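Have a look at the structure below, then the notes.
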Amino acid sequence: MQEYTTSTVSLHGAHAMHIVSGVTSNMLRVAKNPPPTLSPEAKKRLKWIEYYEAHDHNVSLTCRYFGISRPTFYRWLGRYDPRDLRSLENRKSTPKKRRRPTWSLETIVAVREMREQYPCWGKDKLVVLLRREGRKVSTSMVGRILRHLKATGQLVEPLRGRISARKRVLRRVWAGRKPKDYEVKEPGDLVQVDTLDVRPVPGVLLKHFTGRDMVSKWDVLGLHGRATARTAREFLMELKEETPFEVRAIQVDGGSEFMAEFEEACRDMRIRLFELPPRSPKLNGCVERAQRTHTEEFYELSFADPTVSALTLELKQWQRVYNEIRPH
Numbered sequence: 017m018q019e020y021t022t023s024t025v026s027l028h029g030a031h032a033m034h035i036v037s038g039v040t041s042n043m044l045r046v047a048k049n050p051p052p053t054l055s056p057e058a059k060k061r062l063k064w065i066e067y068y069e070a071h072d073h074n075v076s077l078t079c080r081y082f083g084i085s086r087p088t089f090y091r092w093l094g095r096y097d098p099r100d101l102r103s104l105e106n107r108k109s110t111p112k113k114r115r116r117p118t119w120s121l122e123t124i125v126a127v128r129e130m131r132e133q134y135p136c137w138g139k140d141k142l143v144v145l146l147r148r149e150g151r152k153v154s155t156s157m158v159g160r161i162l163r164h165l166k167a168t169g170q171l172v173e174p175l176r177g178r179i180s181a182r183k184r185v186l187r188r189v190w191a192g193r194k195p196k197d198y199e200v201k202e203p204g205d206l207v208q209v210d211t212l213d214v215r216p217v218p219g220v221l222l223k224h225f226t227g228r229d230m231v232s233k234w235d236v237l238g239l240h241g242r243a244t245a246r247t248a249r250e251f252l253m254e255l256k257e258e259t260p261f262e263v264r265a266i267q268v269d270g271g272s273e274f275m276a277e278f279e280e281a282c283r284d285m286r287i288r289l290f291e292l293p294p295r296s297p298k299l300n301g302c303v304e305r306a307q308r309t310h311t312e313e314f315y316e317l318s319f320a321d322p323t324v325s326a327l328t329l330e331l332k333q334w335q336r337v338y339n340e341i342r343p344h
């Protein structure tokens, strides 16, 4: 017995490694034949362990090979049990001990009745009303009760839409988004149109229209007292007459002045109309930059009377100077 013990101790270095390698090989034999009940995620994690065992327990090499982080690998290595490969399956994240509701049936009824009376009010307002009735409830408790009532179907949100004071969205009959594959190569392929507020004197507001061709940088300018679909249609006629090329497509923002009569006129003339997405003026950058030029080089230097007729006369002269004389 003493001799056996001595030999065991003396062979602790080599013999122990042999034993460990034998256990590891058994583990690998089990791992190479996983039961068919394992999920794809568990089988993938099993491949991590196989690779790790076959490459001298090199964690860095394993993580680089599979593209995973070291904490992730160590977490699953710690869970791995060679005798139960289901240890590599996902665990339920539901806590073992869950908080039990502390509210009473009377409180639930009070919250439901209060919410039905004021259907648009949330927990922050309802808790104030409930406390006025002498009920000891917290804001979070009222929120949990409302969530419980909705989940169980005891509380139904009211129907909306009978009468609305919000701005109604008009249905576009001709306008649409510009296709991604639409190419702008020649003059007239795309003309950007936009409006500008002009305030020549306090209390007077005029609407300036600019149409700029993206290729030739040819501008057509117009001035009106209001920006309506009718005045926008009139500017469209000016645009068609004063451009030395055929206008095939126009790009505008979602302003109401570019709907109704303006849109119908584009459809009648077979001019494609592209509407910009909301809050994206940068997509109309050419005409936006032109508005700044006309403001700085015309309106801020003009001494004409602050009327549409007087300013329009000088504006058309500036349009000729801008298109035919001004270097670009």
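Residues in the sequence shown are numbered from 17 upward in steps of one, following the working numbering. All C-beta atoms in this analysis are idealised placements derived from N, C-alpha and C, irrespective of residue type, glycine included. Here the structure is a predicted model, which is why all the values come from computation and not from measurement.
If you draw a straight line from the Cα of ILE287 to the Cα of LEU222, it comes to about 27 Å. Residue pairing by DSSP places PHE290 opposite GLY192 and GLN267 in a beta bridge. Put simply, the backbone Cα of GLU105 is about 22 Å away from that of ALA70. Taking the CA atoms as reference points, ILE65 sits about 32 Å from LYS113. In the DSSP assignment, PHE251 falls outside any beta strand (DSSP E) and lies within the alpha helix (DSSP H) extending over 245-258.
Taking 7 Å as the cut-off, the Cβ atoms of ARG188 and LEU165 do not count as close. Beta-bridge partners assigned by DSSP to HIS240: LYS223. With respect to the 7 Å criterion, GLU330 and SER318 are classified as neighbours on the basis of their beta carbons. At a Cβ-Cβ threshold of 7 Å, ALA276 and LEU252 do not count as neighbours.
Shown here, THR78 sits in a helix according to DSSP, grouped into three states. Note that the C-beta distance between ARG95 and SER85 is not below 7 Å. The beta carbon of THR309 is closer than 7 Å to none in its chain, skipping five residues each way along the sequence. Annotated as proximal: GLY159 and LYS139, with beta-carbon spacing under 7 Å. Note on geometry: alpha-carbon atoms of ALA191 and LEU175 lie some 31 Å from one another.
Taking the Cα positions, MET130 is about 11 Å away from VAL144. Nearest neighbour of THR118 by Cα position, chosen from TRP137, THR88 and ILE161, turns out to be ILE161.
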